[in-house]
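Heads up: the sequence shown begins at 1 in full-length UniProt numbering, then just goes up one per residue.
Below is one structure, written out as structure tokens, with a few remarks after it.
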Amino acid sequence: MSRAEQLLTRGGFPAPAEVLGEAGALAAGPLAPVLAEALIGAARRETTGWWRAMAEFVEGLAGQRSLLALTGAIDELLAEPIAVREHGARLHDVLLGDLDDAVAARPLVASGRLEGAVRLALGDAVSPFAALAALTGFSPDVPEEFAERLPRLLGAAVDRWAGEPAIADPLRAALDRLRHDEAAGVDATFELGCVELRAALRATDGTAALDALAAARARFATVEAAEHARHDALAHGAACEAVLAFAARDRARLAEAADQLTGALDQRDAWSRGTHHSAWSRARRAAESSWRRLLALLLAAAERLTETVWMNVWEALGAVLDAYTRVRALPPLPGEREAPGLAAVVEPAVESGILRSRGLLDALRRAAAEASAADHPPIPARAAHALLDRVDAPIPEPREPREPREVAPPRAARSQIAHPVLDPLLEQLLGELAESPMFTGEVRETFGLLLEQTLRFLLSRADLSTRALGAPRRADYRRRLRDGEPRPHERELQQDFQQWLATGQLAGRVGTETADLAMGRADLVADFGSLRYATEVKRELRDASREAIEARHLRQAAEYGIGNAPFGQLLVLDLTPHPHGAPRVDESVWLARHRPPGAELERMVVVGIVAGNRRTPHELSARC
Numbered sequence: 001m002s003r004a005e006q007l008l009t010r011g012g013f014p015a016p017a018e019v020l021g022e023a024g025a026l027a028a029g030p031l032a033p034v035l036a037e038a039l040i041g042a043a044r045r046e047t048t049g050w051w052r053a054m055a056e057f058v059e060g061l062a063g064q065r066s067l068l069a070l071t072g073a074i075d076e077l078l079a080e081p082i083a084v085r086e087h088g089a090r091l092h093d094v095l096l097g098d099l100d101d102a103v104a105a106r107p108l109v110a111s112g113r114l115e116g117a118v119r120l121a122l123g124d125a126v127s128p129f130a131a132l133a134a135l136t137g138f139s140p141d142v143p144e145e146f147a148e149r150l151p152r153l154l155g156a157a158v159d160r161w162a163g164e165p166a167i168a169d170p171l172r173a174a175l176d177r178l179r180h181d182e183a184a185g186v187d188a189t190f191e192l193g194c195v196e197l198r199a200a201l202r203a204t205d206g207t208a209a210l211d212a213l214a215a216a217r218a219r220f221a222t223v224e225a226a227e228h229a230r231h232d233a234l235a236h237g238a239a240c241e242a243v244l245a246f247a248a249r250d251r252a253r254l255a256e257a258a259d260q261l262t263g264a265l266d267q268r269d270a271w272s273r274g275t276h277h278s279a280w281s282r283a284r285r286a287a288e289s290s291w292r293r294l295l296a297l298l299l300a301a302a303e304r305l306t307e308t309v310w311m312n313v314w315e316a317l318g319a320v321l322d323a324y325t326r327v328r329a330l331p332p333l334p335g336e337r338e339a340p341g342l343a344a345v346v347e348p349a350v351e352s353g354i355l356r357s358r359g360l361l362d363a364l365r366r367a368a369a370e371a372s373a374a375d376h377p378p379i380p381a382r383a384a385h386a387l388l389d390r391v392d393a394p395i396p397e398p399r400e401p402r403e404p405r406e407v408a409p410p411r412a413a414r415s416q417i418a419h420p421v422l423d424p425l426l427e428q429l430l431g432e433l434a435e436s437p438m439f440t441g442e443v444r445e446t447f448g449l450l451l452e453q454t455l456r457f458l459l460s461r462a463d464l465s466t467r468a469l470g471a472p473r474r475a476d477y478r479r480r481l482r483d484g485e486p487r488p489h490e491r492e493l494q495q496d497f498q499q500w501l502a503t504g505q506l507a508g509r510v511g512t513e514t515a516d517l518a519m520g521r522a523d524l525v526a527d528f529g530s531l532r533y534a535t536e537v538k539r540e541l542r543d544a545s546r547e548a549i550e551a552r553h554l555r556q557a558a559e560y561g562i563g564n565a566p567f568g569q570l571l572v573l574d575l576t577p578h579p580h581g582a583p584r585v586d587e588s589v590w591l592a593r594h595r596p597p598g599a600e601l602e603r604m605v606v607v608g609i610v611a612g613n614r615r616t617p618h619e620l621s622a623r624c
């Protein structure tokens, strides 16, 4: 055993010079992932010889006969931009070299090689055409171990290139061929359902959108009937059914579909907790959270549209306008930026509901006029007038898209790429929150929505300049502080966060300085009827480490959950010096846990740090 093998076996990392001449052989053996990690570390440190050693390693992967070792090594390489930039093209050629022979001899390993090449193409590291040709050019008698992994790769490629027919059409044709394959047929049918769903999202009129939604629902029902453990198919089918039910103004059917969706997603999360999810496959899992938000909007709007009198006009209009205006921004598939097809279904259903009730129409007219006159209207005036203009338009009869009769009744019983910070962070936090037995159903939907909006706020405040925020430099609580200058207070962060939430999907649901909560006053409270979640806001002048933050503020933030769901948030304005730059957002957010003495239920608080006292990148450069 060589010295390099001895070091790797014992958990040590040899220097690049120690593996020159051996890297190729090690890449073909079980230590390939460990050596890949060592070489990545050497590349980051710019250690002499790393480039040659990495080149040998990439060439040696052609001899790898273990799927586990191959995918582990590829994961390490593709997670590091330096390796992809310097060796991605050669890695792509090595993975596709002699692929046909590999399919015949070792189909599982061949599928891993094809997956790696497709991942490089998905990330725009190489031209996609060679990988796509291999992906779509399989023979009819391909081994089932290879065939069963093709549908998900084809689906990921459709997610990425759905807007380019020259690429997407052959991918869809390949899926249709696999639909008749015994090993891959079920998965191929699911991916074809996603293709139909994407067509619904992109449709420009209600009839086409409804036809595609119904076709997608039928595909997902076929998959779920064939494999009852396919919770992803059940969830997608239930979501399609919910939109169809909303268009048909069938509230009971909508509620049943919502229950099915929530149950399916919760079950899948529970079954997959603690399992490995490849970074490249997170886009679709992250997009599924859009289904929860979409159904929350539709349920709230459907409830309000069935009321003959709106006792709380502002709250009711807020729910209706949310569904009317935000549905375009909730496409539940990766790679989509908006969903005009869903809008073509939901908007006419809302307009029809308003027109059918004189009381609702009069309330909308009054609320739109009052919103226009108010300095800080509780509903967006522009959205209210847009809806009013549509229902006042001279049309022969209310527009109401109808579900095609030929469709069977419901069964009773892919950014181009996921956001590199938001999606993994949200997935991680939701997974940790799911360890609580109370994080299910409506709690998961509502707190998950609040959490996503909070993460988006933190991301925006990490990037946006003072000018982009529309604030004078002296008013930006994130600004670099001079000696003797007064320090910003937490109320400035509190007001900024409250205004962010008030103009987003939680408009009308967030109050500040809420009294009589756990015998105290909470800074912000998001109200979802019987469910409410407090966000405590603090500032830190001395020590912003996780340990110090939790020691000083966690108990207070957790105490607000004493009479409701045991989940909350803590935002901290970090005014300590940052001479070397601020920490990344995903390094400044975590889930903290608190269990008072004698308590059985653990309370969970999402902690987010907003970096203040910041230098601009230019100021950091000037210090060097």
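Note that CB positions come from ideal geometry on N, CA and C, so glycine has one too.
In the displayed model, residue 595 falls within coil according to three-state DSSP, outside both helix and strand. Relative to residue 266, the option among 201, 437, 370, 245 whose CA is nearest is 437. Nearest C-alpha to residue 80 among 254, 54, 68: 54. Within 10 angstroms of the beta-carbon of residue 291 lie 16 or more other beta-carbons, which makes it buried. Per DSSP, residue 571 is one residue of the beta strand (DSSP E) stretching across 567-574.
In the assembly as shown, residue 116 is a buried residue. Its beta-carbon has 16 or more other beta-carbons within 10 Å.
At a cut-off of 4 residues, the continuous stretches assigned as alpha helix (DSSP H) that sit fully inside the region 30-69 are 32-44, 50-60. Excluding residues up to 5 positions away in sequence, 388 lie with their Cβ nearer than 7 Å to the Cβ of residue 365 in the same chain. Around the C-beta of residue 479, 16 or more other C-beta atoms lie within 10 Å, and the residue is accordingly described as buried. With respect to residue 346, residue 320 sits apart: the two C-beta atoms are not nearer than 8 Å. Rounded to whole angstroms, the gap between the alpha carbons of residue 583 and residue 611 is 8 Å. Between residue 174 and residue 197, the gap from beta carbon to beta carbon reaches 8 Å or more. Each of 103, 99, 232, 56 was checked against the Cα of residue 83, and the nearest Cα belongs to 56. Using a Cβ distance threshold of 8 Å, residue 455 and residue 425 count as a contacting pair. Taken through DSSP and simplified to helix, strand or coil, residue 526 comes out as strand. Per the coordinates, the alpha-carbon of residue 422 lies some 13 Å from the alpha-carbon of residue 285.
Of all C-beta pairs linking the region 569-583 to the region 488-496, three or more are shorter than 8 Å, placing the two stretches in contact. Distance from the CA of residue 30 to the CA of residue 96, rounded to the nearest whole angstrom, comes to 21 Å.
The beta carbon of residue 126 sits closer than 7 Å to the beta carbons of 88, 89, 92, 120 from its chain, once the five residues preceding and following it are set aside; these are given in chain order. Just so you know, the alpha carbons of residue 161 and residue 204 end up roughly 20 Å apart. Annotated three-state conformation of residue 609 is strand, per DSSP. Counting only runs of at least 4 residues, the region 110-182 fully encloses the following alpha helix (DSSP H) elements, listed from N- to C-terminal order: 129-136, 144-147, 150-161, 165-178. When secondary structure is reduced to three states using DSSP, residue 555 falls in the helix class.
Separation of residue 615 and residue 481 (C-alpha to C-alpha, rounded to the nearest whole angstrom) is 9 Å. The C-beta of residue 236 has 16 or more other C-beta atoms within 10 Å across all chains shown, which makes the residue buried. Spanning the alpha carbons of residue 149 and residue 111 requires a straight line of approximately 7 Å. If one requires a minimum length of 4 residues, the alpha helix (DSSP H) runs lying completely within the region 187-274 are 206-226, 231-247, 251-272, in chain order. Looking at the DSSP output, residue 603 sits in a beta bridge with 594.
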